[in-house]
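Peer 1:
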Amino acid sequence: MEMNQEIRILHLEDQLHDAELIRRTLLDGGLKFDINLVRNKESFKNALGEYNPDIILSDNALPMFSGAEALEMAQKNSSKIPFILVSGAATEEFAAEMMKNGVWDYILKDRPMRLCNSIKNAIEKNRLEKERELYIDKLIARDRMLQAAEKLAHLGSWEVDLLTYISGWSDEAYRILGYEPGAIEPSYENYLKRVHPGDLDYVKQMTADCMLATHNSIKFNFRVLHPDGTVKYIRNELIVDRDITGKPVKLSGFNLDITESVSAEMELKSTERFYQALIEKSADLKVLIDANSMLTYGSPSVESTLGFQKEEYIGKNVSEMIFQKDLEGFELIRNKVLYTASASEPFQIRIRHKNDEFKWCEGTANNQLHNPDIQAIIINFRDISERKEHEIRLAESEKKYKDLFDQNPMSMWIADEETYKFLDVNEAALNNYGYSRAEFLTLTALHLRPEEDIETFIREHTGLKHLTNLGVRRHKKKDGTLFFAELFANNISFNGAKARLILSNDINEKLLAQNALKKSEANIKTILQNTDTGYILIDKSFSIVSFNKLAENFSRQILNHQLKEDENLLALVDEDIKSTVKEIMDRVLGGETIVNESNYTINLHQVCWYFIKYVPISNLENEIFGILISVKDITEKKESENRLLQSQAHLLESQRIGNVGSWELHLTDTEDLNNNELYWSDQTYRIYGFDPVETRITREMYRKRVHPDDRAAIQFLIQKSINERESYQSEHRIIRIDGETRIVKNYAQIISDPETGIPLKMVGIVHDITERKKAEEALKTSEANLRTLLNNTEISYVLLSPELKIVYYNQPAKNGFLRESGINIETGNALHDYFSGERSIKLFTKCTAVLNGEKIDYECNVVNIDNSVSWYHNTLSPVIDQEDKIVGMVFSRTDITKRKFSELEKEKITADLIRQNKELELFAYIVSHNLRSPVANILGAAGMLKEETLSPDEFNMLLNGLDVSVNKLDDVIMDLNYILQVKNPVNEKKEFVEFNSIVDDIRTSIGAEILKEDAQILYDFSQVSGMHTIKSYLYSIFYNLISNSIKYRKPGEPPLIRISSSTDHEILQLNFSDNGIGINLDKFRDQLYGLYKRFHYHTEGKGMGLYMVKTQVETLGGTIILNSQENQGCEFMIKFKL
Amino acid sequence: MGIQFILIDDDTCNNHIINMSLKKYVDADDLRTFTSAEDALEYIRIRNEEIALPKKAIILLDINMPVMNGWEFLERFDKFREKAKMQYKVYMLTSSISKKDIDRSNRNRNVKGYLVKPLTKEKILNLFNEETWSKLTGDQ
């Protein structure tokens, strides 16, 4: 609300005459106003809603309505509008009551002279209040933004004043530590309570280091342990502020929760580690040094990264390769690890390239001197020069600019020296001139001047040197409003080009106030007495001409002095600043306007800030005749400003550390997002490859930066988020301005009007995750390669965790187990659970042994669900990580079924060959003995028969011999035929044969012999009554064994034959025992089942029986065993597999 | 004729024919026949003890016999004292024409010859030709 604008007055008055009287009074008072007269409750109510008055005048007594009611309604509508009661007669009690209820003033109708001033006071006071509210609103909004951004980015900040030990944590800092915001005292002890016990000493050490060391910031990661057991990974940066003696005065910390990326990384890493164990892979740069720092080994990457050939550095001291200034640091690291076995320390140092450049390298030193295989310190590192350089450059440019320019409450901009085109502008200027940043940056300085002033402008700006006060000039806002601005210019270089930095101070109000003062003494007094500014008017000799009430108060506070007119102001100031003040005032008398901000300590401890402005006062002839000193208490503003700056700085710092940018999209138009304004933080610009100083982003520009393939999806996500008022996360590709494709992650949320729920803006943070993504991709690729490799082998691999859970399996493994058990193996299950009983226990035992470092090889056969048999060669070997820890095991199995079967086949063929060979030998034997023997006899007898001198006895005997021999020959030929038949595969059908029916048949067929020898056959086939077999063979077996038992009976003892059947483990067993003469097995075991082998002289045996029994049992797939001793009977056991 | 024949063969038919042939062609008067090699060994053991009447003997030995075959007999026979063994000339008399048997018999130092059945007149006469006899009698 400014003085030249119309005051909108809502006047409640039922008497037209009274209303007119008031209107006149106001006109006489010189007020510019618009009046809306209402005469009853209804129209008053409507006007409150529609007219939007600056002030309300109200009669007290109306029909059906009162001033008190009107006040209540007005306050309900908006308590901000000043309410003046204009009334007839009233008691003082009533007036006091109304004032207490919030009435601004109470004016009697018959004495309206005070009305004008009262209105002006009310308006001015209201304006100031509004200004403050706006300012505080802005602060609160900023603060909310910061909180939201911190929360989104999982960024917490905290600080400790090391002098007072007063500390503060941001809400997110509480959350990161697992506390509810504000739940406990933000002390260092409470902070340490949540540090993971394993990292506690480390955190303490690092914090102490940071305070002691000469550098002012330190970064490290540590873990936080929440009460619920959750472990969070925190990237921490500590920053120490020091006084000029170097003593730390403040410690600030920024905590970034990186759990998500760490755990993703760790997950990948653990899988990777398994693969590493399977297939050796080369790492980063790796060098080994001995205890004297001599280089003993370097990986091939040393040459590619640092340019040195092996022979150039092996045997040299490692310090020759380290940047001079980092040597001390490296020694520190080396000493830390040197005396502790397996100690490991991270470092960042510069290492010399062969071309004498230095590379920033990051890595770890690990003491393996004790390890007999290594006997060295292993130094693993990688080149991070690019990243480092980038970091340094960013930090510099950021600091330089941000603090000075962006947050300055004065309007500032940078314009090209030649073209006057604006290159950059700060927030204050944009607010003041009413442009958006994008708009402003398309303009030139000429646009800020009214057209008639442009010529003067160009003249003034030619050849300007350095800091210049350009004086007060007329400036034009976007909406065309003209105002007076005091301008300062400074020539600077901006991105290499000549430019001019302009500071503009809006002094319009003050000038207008002065003008108004000239118009009316009364007005001057009113304003002077009712503003928050103290004014002191002094003449050329510094003698006080006049001052207002506030100035008097300030003087009492600051100077501890009661101001009097005609006093010399210079005499009142402290000796030590007297000369400075004098110098300032002299300059003002020379025509300058000088502004400064000073702080004074009041009551020994309270610091107050004052804005002091010295303005020359001139008469109409432009002669300067005095100075107006205005003093304004800006303590509150200063404090909030400091707070704002501090939190801004925190945010910026946090963003820089986390490489996190933030952005804000205003949602004035939710239909077409391109119509909305978009704001980016500097880090966001950098992420997208823009120079934050040179560019102002627009929606359209942003859209183009999103990778074409991702645009539609992102557009959809944003629109959905707006429609549903929900936050969103996205990961997508962007194309930086330099053409590079990067991957960013966005978290965004909608900020809605808390009352209406209408989305106001979308705030988000953006995080460049390309490196992490690339690393993940690389890991995934290498994993994928390995997977392909593993899946394309014929060997099954299953990786087990130390808990024997399946971590990974390849395709052949999956197929194998599926074939075997019909079940798909799955990760997370225990391998041995896929088997049952003894196999499961055996496997578990083996696995346990492997976890103790053993490597186990074995062969096994399994029956698959389709009843086929597979043979496997299995290997169980431990997976050992770099620290010699067993982190799991590899179960590999090779299908050796083919090999095994061919082995078995070979064995069988060999056995068959041997058997056939034996049979051939046997046949030859039969031919030369059994077959030829009767033939020889026939030949012999025939030869003898030719003799002439044969007696009839001799002749008969020879004929008899011939007869016997021919019969014998026939028998042998018959036997041979029978044998050959048995040996050849028979086509006879298998059928179920009852054992007792066989025995009964035999009893019948050899009934005569049984009767003759009084033989007894006892059988018990209760367990197994019969079998599925070839009947004739089984008959022959029974027959031969029974007739053998009778044949080889003990003389004088009736043969007793016992036959029984039984089963055990799918084996059918037939037992034949007798009480006969038995066989001396020690003597004859080898020949037991030979053809034509006989072990006794006195029977008619041909040596065929047992041979036939054995052949037939074997043909039926069984085995036969004999237990016997001479004279102890025989016991034959025949076993068939069922 | 002062030579004893010891025939060891389980084939009785063969034994009859040999008996007849030996009597007919070489007028053998002292012929002992055994169908069990064990019995034959026992007889030779007893005969060896009658040193007062040393008498040359020709053993005709079959190979394929139950319980103890020809080869087993030869193993046991080898254990007799050398002087005792000098009284005997062992001839294998077998129906086997297997080279294996012939080779085996040739390798045995106690075997004088291998005769394949049937034992014809020629084989018998050849066995008892002048030279053989003079040697035999000369040794006496």
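Going down the list, the protein sequences come from chains A and B. This note's numbering puts the first residue of the first sequence at 12, with every later residue one more than the last. This note's numbering puts the first residue of the second sequence at 236, with every later residue one more than the last. Using N, Cα and C, we set each Cβ at its ideal position, and we do this for glycine too.
1. Hey, which unbroken runs of the alpha helix (DSSP H) at 4 residues or more fall wholly within the region 973–1057 of chain A?
2. When DSSP labels each residue in this structure, what does Arg-448 of chain A get in the three-state scheme?
3. Counting only beta-carbon atoms, is Leu-218 of chain B nearer than 8 Å to chain A?
4. Note down the Cα distance separating Lys-1058 of chain A from Asn-1091 of chain A, rounded to an integer number of angstroms.
5. Can you tell me whether Val-874 of chain A is buried or exposed, with buried defined as 16 or more other CB within 10 angstroms of its CB?
6. Just by C-beta distance, which residues in the region 250–261 of chain B are closer than 9 Å to chain A?
7. Using CA atoms only, rank isn't needed, just tell me which of B:Ile-241, B:Gly-305, B:Asp-313 is closest to Ile-337 of chain B.
8. Against Ile-230 of chain B, what residues of chain A qualify as contacts under a CB-to-CB distance less than 9 Å, listed in chain order?
9. What does Asp-338 of chain B reach in chain A if we use C-beta pairs closer than 9 Å?
10. Determine, using beta carbons only, whether Leu-296 of chain A and Thr-307 of chain A come nearer to each other than 8 Å.
11. Relative to the C-alpha of Leu-493 of chain A, which candidate in A:Lys-509, A:Phe-505, A:Asn-502, A:Asp-517 has its C-alpha closest?
12. If you reduce the DSSP assignment to three classes, tell me which class Asn-345 of chain B lands in.
13. Look at the alpha carbon of Ser-293 of chain A and the alpha carbon of Lys-791 of chain A, and state the distance between them as a whole number of angstroms.
14. Counting only Cβ pairs nearer than 8 Å, list the residues of chain A close to Asp-246 of chain B.
15. Given this structure, state the Cα-to-Cα distance separating Ala-439 of chain A from Leu-211 of chain A, to the nearest angstrom.
16. Please report the distance separating the alpha-carbon of Glu-603 of chain A from that of Pro-357 of chain A.
17. Reducing DSSP to helix, strand and coil, say where Ser-330 of chain A ends up.
18. Please list, in chain order, the chain A residues whose beta carbon lies closer than 9 Å to that of Asn-299 of chain B.
19. Span of the alpha helix (DSSP H) holding Pro-945 of chain A?
20. For chain B, is any of its Cβ atoms less than 8 Å away from the one on Gly-848 of chain A?
21. Could one say the Cβ of Leu-1045 of chain A lies closer than 8 Å to chain B's Cβ atoms, at least one of them?
22. With a threshold of 8 Å between beta-carbons, can Val-975 of chain A be considered close to chain B, or not?
23. If you follow the beta strand (DSSP E) that Glu-837 of chain A is part of, which residue opens it and which one closes it?
24. Tell me whether Asn-249 of chain B is buried or exposed, calling it buried when 16 or more other Cβ atoms sit within 10 Å of its Cβ.
25. Going along chain B in order, which residues have a C-beta closer than 7 Å to the C-beta of Glu-965 of chain A?
26. Compare the C-alpha of Asn-443 of chain A against each of A:Ala-426, A:Pro-93, A:Lys-487 and name the closest.
27. Just how far apart, CA to CA, sit Asn-71 of chain A and Glu-766 of chain A?
28. I want to verify the contact list: residues of chain B whose CB lies under 9 Å from the CB of Met-968 of chain A, in sequence order.
29. Go ahead and pull the three-state DSSP assignment for Phe-308 of chain B.
30. The beta strand (DSSP E) that contains Phe-636 of chain A, what's its start and end?
31. Against chain B, with Cβ distances strictly below 8 Å, would Glu-959 of chain A count as a contact?
32. On the criterion of 16 or more Cβ atoms from any shown chain inside 10 Å, does Ile-290 of chain A qualify as buried, or is it exposed?
33. Determine the burial state of Ala-288 of chain A: buried for a count of at least 16 other Cβ atoms within 10 Å of its Cβ, exposed for fewer.
34. Give a yes or no on whether the minimum CB-CB distance between Gly-951 of chain A and chain B is below 8 Å.
35. Counting only Cβ pairs nearer than 7 Å, list the residues of chain B close to Met-955 of chain A.
36. When the Cβ atoms of the region 322–334 of chain B are set against those of the region 288–304 of chain B, are three or more pairs found closer than 8 Å?
Peer 2: With the given structure in hand:
1. Entirely contained in the region 973–1057 of chain A, the alpha helix (DSSP H) runs reaching 4 residues are, in chain order, 1006–1016, 1018–1024.
2. In the first sequence, residue 448 of chain A corresponds to position 437, counting from 1. If DSSP states are grouped into helix, strand and coil, Arg-448 of chain A belongs with the helices.
3. No answer is possible for residue 218 of chain B: the residues shown for chain B start at 236 and end at 375.
4. Translated into positions along the first sequence, residue 1058 of chain A becomes position 1047. Translated into positions along the first sequence, residue 1091 of chain A becomes position 1080. Their backbone Cα atoms lie some 16 Å apart in a straight line.
5. For the purposes of this step, residue 874 of chain A is taken as the residue at position 863 of the first sequence. Exposed is the call here.
6. For the region 250–261 of chain B, the residues whose beta carbon sits under 9 Å from a beta carbon of chain A are, in order, His-251, Ile-252, Ile-253, Met-255, Ser-256, Lys-259.
7. Taking the second sequence and counting its residues from 1, the one referred to as residue 337 of chain B is at position 102. Its Cα nearest to that of Ile-337 of chain B, the residue B:Gly-305 stands out among B:Ile-241, B:Gly-305, B:Asp-313.
8. Within the shown structure, residues of chain B are numbered from 236 to 375, placing residue 230 of chain B beyond reach of any answer.
9. As a working mapping, residue 338 of chain B is identified with position 103 in the second sequence. Neighbours of Asp-338 of chain B on chain A: none; closest Cβ ~13 Å, over 9 Å.
10. For the purposes of this step, residue 296 of chain A is taken as the residue at position 285 of the first sequence. For the purposes of this step, residue 307 of chain A is taken as the residue at position 296 of the first sequence. Their beta carbons are not under 8 Å apart, which means Leu-296 of chain A does not touch Thr-307 of chain A by this criterion.
11. Stepping through the first sequence from its first residue, residue 493 of chain A is reached at position 482. Closest option to Leu-493 of chain A, judged by alpha-carbon separation, among A:Lys-509, A:Phe-505, A:Asn-502, A:Asp-517: A:Asp-517.
12. On the second sequence, position 110 is the one that residue 345 of chain B refers to. Coil at Asn-345 of chain B, not helix or strand.
13. To locate residue 293 of chain A, count along the first sequence from 1; it is residue 282. To locate residue 791 of chain A, count along the first sequence from 1; it is residue 780. Confidence at Ser-293 of chain A is low in this model, with a pLDDT of 36, below 50, so the placement of that residue should be treated as unreliable; the coordinate-derived value is given next. Spanning the two alpha carbons is a distance of roughly 16 Å.
14. By one-based count along the second sequence, residue 246 of chain B stands at place 11. Correct list: Ser-944, Asn-948.
15. Stepping through the first sequence from its first residue, residue 439 of chain A is reached at position 428. Stepping through the first sequence from its first residue, residue 211 of chain A is reached at position 200. Taking the straight line joining both Cα atoms gives about 46 Å.
16. Taking the first sequence and counting its residues from 1, the one referred to as residue 603 of chain A is at position 592. Taking the first sequence and counting its residues from 1, the one referred to as residue 357 of chain A is at position 346. Roughly 60 Å between the two C-alpha positions.
17. Position 319 of the first sequence, counted from the start, is the residue given in the question as residue 330 of chain A. DSSP, read as helix, strand or coil, puts Ser-330 of chain A in helix.
18. Within the second sequence, residue 299 of chain B is the residue found at index 64, counting from 1. Result: Tyr-936, Ser-939, His-940, Asn-941, Ser-944, Tyr-1103.
19. By 1-based counting over the first sequence, the position of residue 945 of chain A is 934. Going by DSSP, Pro-945 of chain A is part of the alpha helix (DSSP H) stretching over 943–956.
20. Mapped onto the first sequence, residue 848 of chain A falls at position 837. Not closer than 8 Å to any Cβ of chain B, the Cβ of Gly-848 of chain A fails to qualify, so no.
21. Along the first sequence, one-based indexing puts residue 1045 of chain A at 1034. So no, Leu-1045 of chain A is outside the interface.
22. Counting from one through the first sequence, the residue named residue 975 of chain A turns up at place 964. Val-975 of chain A counts as touching chain B.
23. Residue mapping note: residue 837 of chain A aligns to position 826 of the first sequence, counting from 1. Counting along the chain, Glu-837 of chain A falls outside any beta strand (DSSP E), and DSSP gives it neither H nor E.
24. The residue you call residue 249 of chain B lines up with position 14 of the second sequence. So Asn-249 of chain B ends up on the buried side.
25. Sequence index remark: in the first sequence, residue 965 of chain A carries index 954 (1-based). Chain B residues near Glu-965 of chain A: Met-255.
26. As a working note, residue 443 of chain A is residue 432 in the first sequence. Out of A:Ala-426, A:Pro-93, A:Lys-487, A:Lys-487 has the C-alpha closest to the C-alpha of Asn-443 of chain A.
27. As a position in the first sequence, residue 71 of chain A is number 60, starting the count at 1. As a position in the first sequence, residue 766 of chain A is number 755, starting the count at 1. Each residue's alpha carbon lies about 35 Å from the other.
28. In the first sequence, counting from the first residue as 1, residue 968 of chain A sits at position 957. Chain B residues near Met-968 of chain A: His-251, Ile-252, Met-255.
29. For the purposes of this step, residue 308 of chain B is taken as residue 73 along the second sequence, with counting starting at 1. Phe-308 of chain B: helix per DSSP, three-state reduction.
30. Mapped onto the first sequence, residue 636 of chain A falls at position 625. Counting along the chain, the beta strand (DSSP E) containing Phe-636 of chain A begins and ends at 635–644.
31. By one-based count along the first sequence, residue 959 of chain A stands at place 948. It does not; no Cβ of chain B falls within 8 Å.
32. Counting from 1 along the first sequence, the entry for residue 290 of chain A is found at position 279. Unreliable positioning characterises Ile-290 of chain A in this predicted model, as indicated by a pLDDT of 34, which lies under 50. The coordinate reading is nonetheless provided below. By the beta-carbon neighbour count (other beta carbons within 10 angstroms, threshold 16), Ile-290 of chain A is exposed.
33. Here residue 288 of chain A corresponds to residue number 277 of the first sequence, with the count starting at 1. Caution applies to Ala-288 of chain A, whose pLDDT of 42 falls short of 50 and renders its modelled position unreliable; the value that the coordinates give is listed next. Classified as buried, Ala-288 of chain A has 16 or more neighbouring CB atoms from the shown chains inside 10 Å of its CB.
34. Within the first sequence, numbered from 1, the residue matching residue 951 of chain A stands at position 940. So yes, Gly-951 of chain A belongs to the interface.
35. Here residue 955 of chain A refers to the residue found at position 944 of the first sequence. Within chain B, the residues near Met-955 of chain A are Ile-252, Met-255, Ser-256.
36. The answer is yes - the region 288–304 of chain B touches the region 322–334 of chain B, with three or more Cβ pairs under 8 Å.
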